[in-house]
Amino acid sequence: MRSFNIAIQEAGIPQDTFHALRPTFASHMVMKGVDLATVQQYLGHADIQTTVRYARLASAHVQQSVENLDWYSTEEE
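Spelled out as structure tokens, the structure:
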């Protein structure tokens, strides 16, 4: 556990517990396309709103998502 704490400190992560890594884990999963219900199961949250708070998206990811929208699509079904 000592080496883990040293690694956390060197990485500049504010808290030296596994719990501090949960929001990062959730965010990375969502940014990789994992749906919130699955992330909720991994984290063991009873309420999906807790998962939503954990899964903050990086601003670059949000920007890329907007850029990926097909604003000019005229395809009709």
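Counted the way my numbering counts, the sequence shown spans residues 4 to 80. All C-beta atoms, glycine included, are put in the ideal place defined by N, C-alpha and C. Note that the coordinates shown come from a computational prediction; the quantities given were computed from them, not determined experimentally.
Its chain contains 58 and 59 as the residues whose beta carbon lies nearer than 6 angstroms to that of residue 30, once the 5 sequence neighbours on both sides are disregarded; these appear in chain order. Secondary structure at residue 17: coil, using DSSP grouped into helix, strand and coil.
Residues 57 of the same chain have their beta carbon placed closer than 6 angstroms to that of residue 26, with the five preceding and five following residues left out of the count.
The beta carbon of residue 54 lies closer than 7 angstroms to those of 29, 39, 42, 43, 46 and 48 in the same chain, with the five residues before and after it left out.
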